[in-house]
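Trainee: Every letter in the sequence shown is one number past the one before it in this note's numbering, and letter 113, counting from 1, is 121.
We put the beta carbon where it would ideally sit given N, CA and C, even for glycine.
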Amino acid sequence: MNQIRNILSFLLVAGAACVHAQQPIVKINGGSTASGCDVTAAAGAPIFQLDATGNVLVNGTINPVGCGAPTGGGTNTPTFGLNPPASGVVINGGSTTVAADSAASVPFTYQAYYADSCSVGTPTTTGTCPAIGASNASCTGSGTSKSCAPAGATLSIPTSAAMGTNTACAYTVKATCLPGSVTSTAVLNVTKPDSGDPVCSALVPVKTASGANWTQVTGNTSVKYGDGSTASKNATDYVSVWSYPGSTVAWPGNSGLSTRPTASVNFYFAEKFTVPTDGSVTGHPNWAWSGSGINSNASIAISQCPGDFGQAGTVTTTGCKVGQGQSASGLTAIVSDTQTGSFCSLKPGKNYYLNILPMAPLPVSNVSTSSCSGTCTPWFGTTH
């Protein structure tokens, strides 16, 4: 090191001594100025310097000719980054996946050297994921090496409600340091707790082609059964609607059980049920709902949201909806923690709705009105 310092000292003195004759330049890649990448110091200024850690610094004006000049002529001014470069963004101590509602914010950090300043812009995401913000994310280089790291930097975390119907959101976080616009990035993944139901208020309302609202049947409605009996049942409760008078049958009901609930024109049913956790229906892909005869002309869907016929893209999984006319062949579900084939996969312990749109096809936004007159009473049966 002493030898290097002596050589550099000699160069500095020699450079100063030659000021009156010709200011020396640094020839990068050597050769002529036409093929090299030369640095010219200001008159009388040393072209070599040492920093506090022993790095050799070359200061001066860059001649871009030959510095990566593109084929066919022209010039290409070189760019210089930080050395060492800014370290990567570290979120939450190294973990980049957090659960919504687990915290209001998570810490993050990064480190830069030879940086005048660093900043973090607004984290970016895609689709309908809610925006998040970065706080206390900037820093200013200080000391001989201009080291820079934010103090108390945090990223906000959306709540389950803010995530709406999204179950997972990914955010790209970028720190930019000057000079040179050196960047470091990381991805923050936010997931909605699996135990939480979606926020169904984020759904687009069920509307006709003319913009009129369809309305959910609430309270009691008259239900006719396959044995000829009639009863007033809670139209929002699957077990109530699908249990014969005098009985209570858990979801999905008995084989051959059929119902004929009554709705006014432009009203839909949303019957809530909970998938059993006792294993009695797990893994059996033969829980089917189908229409009967002319009154099978209804669209049906299973979703975690009432009135969800796919207009908001939140229908649970593949196979969880069938349009008017298709309902005669049925909608078949399987109880499974993962998507299984083309069945409507439902998870044990979760709440769902059997949504029925009487006498109207999908997509519902193309429908001007239901085709039944006065009241709609579609027949439906469950088989397994």
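1) Contact check, T223 vs K232 under 8 Å by CB: the rounded distance?
2) According to DSSP, simplified to helix, strand and coil, what is P78?
3) Does G389 come out as helix, strand or coil in the three-state DSSP assignment?
4) Could you tell me the alpha carbon to alpha carbon distance between N221 and G315, rounded to whole angstroms?
5) Hey, how far is the Cα of L370 from the Cα of S127?
6) Given a threshold of 16 other Cβ atoms within 10 Å of its Cβ, counted over all protein chains shown, does D46 qualify as buried or as exposed?
7) Going by the beta-carbon positions, is the gap between A243 and T267 smaller than 8 Å?
8) Give the single residue among C156, A194, T162 and S125 whose Cα lies nearest to the Cα of T104.
9) Any idea if Q119 is buried or exposed, counting beta-carbon neighbours within 10 angstroms, 16 or more meaning buried?
10) Any idea what DSSP makes of V283, helix, strand or coil?
11) If I follow the unbroken beta strand (DSSP E) through Y246, where does it start and stop?
12) May I ask you to list the residues that DSSP assigns as paired with G95?
13) V273 and A258: beta carbons closer than 8 Å?
14) Does P363 pass the burial test, meaning 16 or more other C-beta atoms within 10 Å, or should it be called exposed?
15) Note down the Cα distance separating S350 from S95, rounded to an integer number of angstroms.
16) Would you mind sorting L65 into buried or exposed? The rule is 16 or more other CB atoms within 10 Å of its CB.
17) Give me the Cα-Cα distance between G318 and G236, rounded to the nearest whole angstrom.
18) Among A271, G234, V181 and P260, which one has its Cα closest to the Cα of P253?
19) Excluding the five sequence neighbours on either side, which residues of its own chain have a C-beta within less than 6 Å of the C-beta of K358, listed in chain order?
20) Count the other CB atoms within 10 Å of the CB of N67; is the residue buried (16 or more) or exposed (fewer)?
21) Shortest alpha-carbon distance to Q312 belongs to which of F275, K355, Y276 and G331?
22) Quick check: the Cα distance between C352 and G141, rounded to an integer number of angstroms?
23) Quick check on DSSP: helix, strand or coil for N63?
24) For N197, does the three-state DSSP call read helix, strand or coil?
25) Hey, how far is the Cα of Y179 from the Cα of F116?
26) Helix, strand or coil: which one does DSSP assign to N221?
27) Between the Cα of A183 and those of A169, T130, S164 and K329, spot the shortest distance and give me the residue it belongs to.
Mentor: With the structure as the only source:
1) In fact, because the Cβ distance is near 21 Å, the residues do not count as touching under 8 Å.
2) At P78, the pLDDT of 48 sits below 50, so the modelled position is not reliable; the number obtained from the coordinates is stated separately. Reduced to three states, the DSSP call for P78 is coil.
3) G389: strand per DSSP, three-state reduction.
4) 11 Å
5) 49 Å
6) buried
7) no
8) A194
9) Buried, because 16 or more other Cβ atoms sit within 10 Å of the Cβ of Q119.
10) coil
11) Looking at the DSSP string, Y246 is not in any beta strand (DSSP E); the run it does join, the alpha helix (DSSP H), is Y246 to W250.
12) The sequence as given places Ser at residue 95; Gly does not occur at that position. None; S95 has no bridge partner.
13) no
14) Here the sequence assigns Asn to residue 363, which means Pro is not the residue at that position. N363 is buried by the Cβ-count criterion.
15) 46 Å
16) exposed
17) If you take the alpha carbons of G318 and G236, they lie about 34 Å apart.
18) G234
19) Excluding positions up to five away in sequence, the list reads V283.
20) By the neighbour-count rule (16 or more Cβ atoms within 10 Å), N67 is not buried but exposed.
21) K355
22) 37 Å
23) Under the three-state reduction of DSSP, N63 is assigned to coil, being neither helix nor strand.
24) Three-state DSSP puts N197 in a strand.
25) 13 Å
26) strand
27) For A183, the closest C-alpha among the options A169, T130, S164 and K329 is that of T130.
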